[in-house]
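Chemist:
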Amino acid sequence: MSMPLASSGLQTAQVAEDKLVVSIGPQHPGAGHFRFTITVDGDTIVDVAPDPGYVHRGAEKQTEYRTYLQSIPMLERSSLTDVTNIIGPYSLAAEELMGIEIPPRGQYLRMIMSENQRIMSHLYWLGIQGIFLGHSTMFMWPLGDRDIFVDLGQMIGGARITYSYWIPGGVRNDMPESFKPRALKVFDYFETRLKDYERIFFQNPLFLKRTEDVGVLRREDAIKLGVVGPVLRGSDVKSDTRIDEPYCFYKDLDFEVPSYKECDTYARCMVHLVEMRQSMRIIRQCLEKMPLGPVRVKLSPQQRTNPGEAYARVEAARGAMSFHIISDGSTKPYRVRISVPSMRNLIVLKKLLIGSHVADMPAIYWSLDYWPVEADK
Amino acid sequence: MVAQELEEAPKKPGPGSKSDGPGLNILVGKARQVIQEAIVDPVTYLANWGRLYSLWPVHLETACCSIEWGAVSGPRFDAERYGILEAFGSLRQCDLIVVHGTVTRKMAPRLRWIYDQMPEPKWVIAMGACSITGGVYFDSYNVLPGVDQLVPVDVYVPGCPPRPEELIDAFVLLQDKIRKSNIR
């Protein structure tokens, strides 16, 4: 194929006597489907040009010619590591437009699935961070443990990772009776496992050297640039949608939001670790407090909404995920806007990378938990 | 000669063995097939044998099916048992592309470009409904309806996303295909 190479930054090019432009991606050893061009001066990065959009599939446009229920499987593909949480705000906004109340058992089931999904997403993140740091064990252990949580989700949802579970009107089905004993057993196992993780990965001198004081994002910069989720909490801001704007029954539950003063890559890694522990704590409380009863309000497949606008926000694994739906009263939304945490966190990539070493680039990039499929929608 | 000996072998009493062809002991049947192939064309057999169990995929993740690709390389499903290594090397050493799902208009030229840079022989696995027909994004303005317009596909793996077992099955199918192929 004929393609202009040097001019488009696709090939390494020497732009000045001591400056080199290097293209990274979309085929590179890390998470694919994302490309950025860096300008290096020796070993130091002096400029970064992110180039997202390799997975832009037009999810927002497609919701306009699908009914409210038909959109769900398509929307959840945008973030396969975090399927429950991306459907969450969509359903909450649609319910606000439809004006329906969700039964309490459905709300608890939503929280259980949402937190289970958060653990899965964080474990996947931890595994890939291991790959980025060249630590094979750190890839194998979390991915092995992730499959246990995949099985837990499968007990409720039925599919391996894509169970369109959280839907407008409640949740798709009730959980089986065998879920509770199985989940408690898994959590007991995983809590000892997290101690191992801390000992083997997080206190590993190599891991410390590669992440401490690397990619420092100060508190005021984090607030100014509008980052969300673990990146914001790693920068010493105790912000969490579950506490600030509680949805479901999060206000009745007792859990902590971690935040770290170091503001570096290590702090962002620690936030993920602590959040996994807190998610298990939330599910344990949910399993105890759960009342019996129906789990969903049956909606018609061609459900109409009241005309108007609705906005909803939940705390997804990567940060605040929000949907804004505009309805004209028909069976299909007039316009759906999605604000995803990945895109918000990408903004700081340029700030963090400039001035750092080339070798630190993978650790910084993945500590933002940037998932291109989610960001491009 | 060896093949003749093997034909006589099932007549001896043993577990699962019968005197007729269809009921042959499966291990003996496999051994006979291998030895026959090795005798008929030893060069092809050796070359294919070398390629079979050292497939190196390019690390090009086109979309979200890469999650299940991660699970396949993880310890539970462990595709390395089948001779597939999740390679983190140069694409000039690779001989397999697994197209992980949707290919958009922006990604399509890159996919073809990467395919062109790989040395022969090379194979393509289309993973997921999106890479076969477009999947749930069939009516999107930015998605390629099927990756086979772009690169020749050897094995299709349907599913959205396919389960890891299906992907492993695709690897085995591809190895069967390589085993039967002629070398150029």
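Keeping their order, the protein sequence lines are chains A and B.
Numbering of the first sequence is given in our numbering, commencing with residue 2 and proceeding in unit increments.
Numbering of the second sequence is given in our numbering, commencing with residue 9 and proceeding in unit increments.
All residues carry an ideal CB built from backbone N, CA and C; glycine is no exception.
Sorted by chain position, which residues of the same chain lie with C-beta nearer than 6 Å to R336 of chain A's C-beta, five sequence neighbours on each side aside?
Modeler: Closer than 6 Å at the Cβ level, and outside the excluded window around R336 of chain A, lie I327.
Chemist: Between the C-alpha atoms of F140 of chain A and Y66 of chain A, what's the straight-line distance to the nearest angstrom?
Modeler: Roughly 40 Å between the two C-alpha positions.
Chemist: Under 9 Å between beta-carbons, which chain A residues line up against T70 of chain B? List them in chain order, please.
Modeler: Per Cβ cutoff of 9 Å: P27, G33, H34, Y55 and V56.
Chemist: If you run the structure through DSSP and keep just helix, strand and coil, what is H358 of chain A?
Modeler: If DSSP states are grouped into helix, strand and coil, H358 of chain A belongs with the strands.
Chemist: Answer yes or no: do R282 of chain A and F256 of chain A have a C-beta to C-beta separation smaller than 8 Å?
Modeler: The answer is yes: Cβ separation under 8 Å.
Chemist: Name the residues in the segment 81-96 of chain A whose C-beta lies less than 8 Å from a C-beta of chain B; which are they?
Modeler: Cβ contacts with chain B: L81 and T82.
Chemist: With which residues is F140 of chain A paired in a DSSP beta bridge?
Modeler: According to DSSP, which records beta bridges pairwise, F140 of chain A is partnered with nothing at all.
Chemist: Mind reading off the beta-carbon distance from E97 of chain A to A313 of chain A? Whole number of angstroms is fine, and I expect it under 8 Å.
Modeler: 7 Å between Cβ atoms; contact.
Chemist: Assign Y190 of chain A to buried or exposed, taking buried as 16 or more other Cβ atoms, counted over all protein chains shown, within 10 Å of its Cβ.
Modeler: So Y190 of chain A counts as exposed.
Chemist: With a threshold of 8 Å on Cβ separation, who are the neighbours of F156 of chain A within its own chain once the five nearest residues in sequence on each side are excluded?
Modeler: A small fix is needed here, since residue 156 of chain A is Met in this sequence, not Phe. The answer, listed in chain order, is M176, P177, S179, F180 and R183.
Chemist: Spatial neighbours of R278 of chain A within its chain, please: C-beta separation below 8 Å, excluding the five flanking residues on both sides.
Modeler: Excluding sequence neighbours, R278 of chain A sits near E192 and L195.
Chemist: Counting C-beta neighbours from all protein chains within 10 Å, is the total for T45 of chain A 16 or more, i.e. buried, or is it exposed?
Modeler: So T45 of chain A ends up on the exposed side.
Chemist: So, does the CB of I75 of chain B fall closer than 8 Å to a CB anywhere in chain A?
Modeler: For I75 of chain B, the answer is yes, since a Cβ of chain A falls inside 8 Å of its Cβ.
Chemist: Measure from the alpha carbon of S62 of chain B to the alpha carbon of each residue in B:P129, B:Y164 and B:I140, then state which is nearest.
Modeler: For S62 of chain B, the nearest C-alpha among the options comes from B:P129.
Chemist: What are the start and end residues of the alpha helix (DSSP H) that includes G128 of chain A?
Modeler: G128 of chain A -> alpha helix (DSSP H) spans P105 to F133.
Chemist: May I ask you to verify whether the segment 207-221 of chain A touches the segment 334-348 of chain A, counting CB pairs closer than 8 Å and requiring at least 3?
Modeler: No: fewer than three Cβ pairs fall under 8 Å.
Chemist: Taking Cβ positions only, does G128 of chain A come closer than 8 Å to chain B?
Modeler: Closer than 8 Å: yes.
Chemist: Given a cut-off of 8 Å, decide if L353 of chain A and L218 of chain A are closer than it, judged by their beta-carbon atoms.
Modeler: Their beta carbons are under 8 Å apart, which means L218 of chain A touches L353 of chain A by this criterion.
Chemist: Comparing alpha-carbon positions, which option in A:L21, A:I88 and A:L81 lies nearest Y166 of chain A?
Modeler: When each option's Cα is compared against that of Y166 of chain A, the closest is A:I88.
Chemist: In the DSSP output, which residue or residues are listed as bridge partners for Q15 of chain A?
Modeler: Its beta-bridge partners are A:L21.
Chemist: Per the contact definition of three or more C-beta pairs closer than 8 Å, is the segment 285-298 of chain A in contact with the segment 75-90 of chain A?
Modeler: Not touching, per the Cβ criterion.
Chemist: Going by the beta-carbon positions, is the gap between Q303 of chain A and T332 of chain A smaller than 8 Å?
Modeler: Result yes, Cβ atoms of Q303 of chain A and T332 of chain A sit closer than 8 Å.
Chemist: Would the beta-carbon of M126 of chain B fall within 8 Å of that of V66 of chain B?
Modeler: The answer is yes: Cβ separation under 8 Å.
Chemist: Leaving out five residues on either side along the sequence, give the residues of the same chain with a beta carbon under 6 Å from the beta carbon of E310 of chain A.
Modeler: Hits under 6 Å: I327.
Chemist: Out of A:H123, A:H136 and A:I73, which has the shortest C-alpha to C-alpha gap to R147 of chain A?
Modeler: Residue A:H123 is the option with its Cα nearest to R147 of chain A.
Chemist: Can you tell me where the alpha helix (DSSP H) with T212 of chain A in it begins and where it stops?
Modeler: Segment P206 to T212, the alpha helix (DSSP H) holding T212 of chain A.
Chemist: With 16 as the cutoff for other CB atoms within 10 Å, does D19 of chain A come out buried or exposed?
Modeler: By the neighbour-count rule (16 or more Cβ atoms within 10 Å), D19 of chain A is not buried but exposed.
Chemist: What are the residues that DSSP puts in a beta bridge with I133 of chain B?
Modeler: BP columns for I133 of chain B point to B:V106 and B:V163.
Chemist: In three-state DSSP terms, what is S81 of chain B?
Modeler: Note: S81 of chain B maps to helix in three-state DSSP.
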